[in-house]
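Report on the following structure.
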């Protein structure tokens, strides 16, 4: 038997669910009209006195039932109208079953109005219960039984309405919370997209600006040297070709990292501290004498932090190449520790020292390398450093030149940023060029 009930329960619940779904699609005003009609016709049919004598009781029936049509729009007003009709009924000494409309009106007030109004409506109904019981209850103890029974019914109706209001408020709060969470999710998605666009812009700026600056400097030098030193001009053109290929490789690597679903990104690691030698070599070929000193073990440094360090050095040296006068020299110091990566890039920023390679010496007609900034230079460097909770200082040196000093925090504690003096355990790059003691960063 129990097994049969278990099997039949889903089928028995289907009509109930269908009825609930149909009720949810039913217009509320139509439901209230049917409710008022049911109260009016049902109670009038059960009260035979309505059709005996004057039409006054029929008017009272209508006055009690018809206001229920507007119970959702004005709950308290409808309750007052029904209570007034019930008081007129009490004055006329007419007993009507349509008084059930008072319970419907009380439920509506409790479900759709404030708690305070629900208490007022319940108190008014309690007063009516006492008056009605005093007039129409049986003399042998019927008054007390009538008051207790009707009061219990009124309290149950009011409690049901209050529970309905509480559940509606709870569901409304859940819907509001869901809407707010959806908005926050959309906002986070927009912020993530904006951050991704900014990251792509920084990568493209670093790659394109650096390599184009080097290529322009080499091209200018090649034009200058094509008659005096054809071999040097040919070497410069080859260097331009190599720099262009390097730019394409860097862009492919960056796009491969951005498209994480591509397996090629794993086979082509992004540049890091180990690639600074090649970067400095390209800067030397472009006409910027540069010294590189790396101390500490950079192998444990995460790849993302190494890429940030590489981009910072690249941007600083590119700025020096673009804005500093001919004959400027630069020096790059990198110190790696378990807690930090410290960078110090300086240049002397003054002419009059040993001249650089002749390829970059003469100014040529055409757009200058020191044209308007794109706005991604120093601000982009600060954003990169801020991602690691580090610090960045960039500005001119008192004796001339420029300095960029940055620290990337990798863990608790931080080592001091290497100053412009000799670095500890220097590891010179290929072909070091003497740098004045007061040199600064680009």
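Residue numbers (my numbering): 1334 to 1775. Even glycine gets a Cβ: it sits at the ideal position worked out from N, Cα and C.
8 Å contact criterion, which residue 1715 and residue 1679 should meet: CB distance rounded: The beta-carbon separation of residue 1715 and residue 1679, rounded to 18 Å, does not stay under the 8 Å limit for a contact.
Using the DSSP secondary-structure output, state which residues sit across from residue 1736 in a beta bridge. Residue 1736 is bridged to 1679 and 1728.
Given a threshold of 16 other Cβ atoms within 10 Å of its Cβ, counted over all protein chains shown, does residue 1474 qualify as buried or as exposed? Exposed, by the Cβ-count rule.
Leaving out five residues on either side along the sequence, give the residues of the same chain with a beta carbon under 8 Å from the beta carbon of residue 1722. When the five nearest sequence neighbours on each side are left out, the beta carbons in the same chain lying within less than 8 Å of the beta carbon of residue 1722 are those of 1742, in order along the chain.
With the cut-off set at 8 Å, would you say residue 1453 and residue 1401 are in Cβ contact? Going by beta carbons, residue 1453 and residue 1401 fall outside the 8 Å limit.
Kindly list the residues whose CB is nearer than 6 Å to the CB of residue 1399, restricted to its own chain and excluding five residues on each side of it in sequence; keep chain order. Excluding sequence neighbours, residue 1399 sits near 1369.
Thinking C-alpha only, which one of 1464, 1485 and 1643 is nearest residue 1476? The shortest Cα separation from residue 1476 among 1464, 1485 and 1643 belongs to 1464.
Give the C-beta separation of residue 1650 and residue 1623 to the nearest angstrom, bearing in mind that I take them to be a contact with Cβ-Cβ under 8 Å. Contact holds; Cβ gap of about 7 Å.
Over what stretch of residues does the alpha helix (DSSP H) that includes residue 1448 continue unbroken? Under the DSSP assignment, residue 1448 falls in the alpha helix (DSSP H) whose first and last residues are 1448-1469.
Using alpha carbons as the reference points, say which of 1405, 1396, 1711 and 1509 lies closest to residue 1362. Scanning 1405, 1396, 1711 and 1509 for the CA closest to the CA of residue 1362 turns up 1405.
In this structure, what does DSSP give as the bridge partners for residue 1576? DSSP lists no partner for residue 1576.
Unbroken alpha helix (DSSP H) runs of length 4 or more, entirely within the region 1590-1655: which are they? You should have 1597-1600 and 1609-1618.
Would you mind reading off the limits of the beta strand (DSSP E) that contains residue 1776? Any question about residue 1776 goes unanswered here, given that the chain covers just 1334 to 1775.
Does the distance from the CB of residue 1442 to the CB of residue 1494 come in under 8 Å? Going by C-beta atoms, residue 1442 is nearer than 8 Å to residue 1494.
Roughly how many whole angstroms lie between the Cα atoms of residue 1521 and residue 1514? Computed Cα separation, rounded: 10 Å.
Measure the beta-carbon distance from residue 1676 to residue 1646 and round it to whole angstroms, keeping in mind my assumption that it falls under 8 Å. Rounded, the Cβ-Cβ distance is 6 Å, consistent with contact.
Boundaries (first-last residue) of the alpha helix (DSSP H) holding residue 1422: Here the alpha helix (DSSP H) through residue 1422 covers 1408-1425.
Taking all protein chains shown into account, decide if residue 1364 is buried (16 or more other Cβ within 10 angstroms of its Cβ) or exposed. Counting Cβ neighbours within 10 Å, residue 1364 comes out exposed, since fewer than 16 surround it.
Do you know whose CA, among 1612, 1628 and 1639, lies nearest residue 1654's CA? Checking every option, the nearest Cα to that of residue 1654 belongs to 1612.
Between residue 1615 and residue 1547, how many whole angstroms is the CB-CB distance? I'm expecting something under 8 Å. 6 Å between Cβ atoms; contact.
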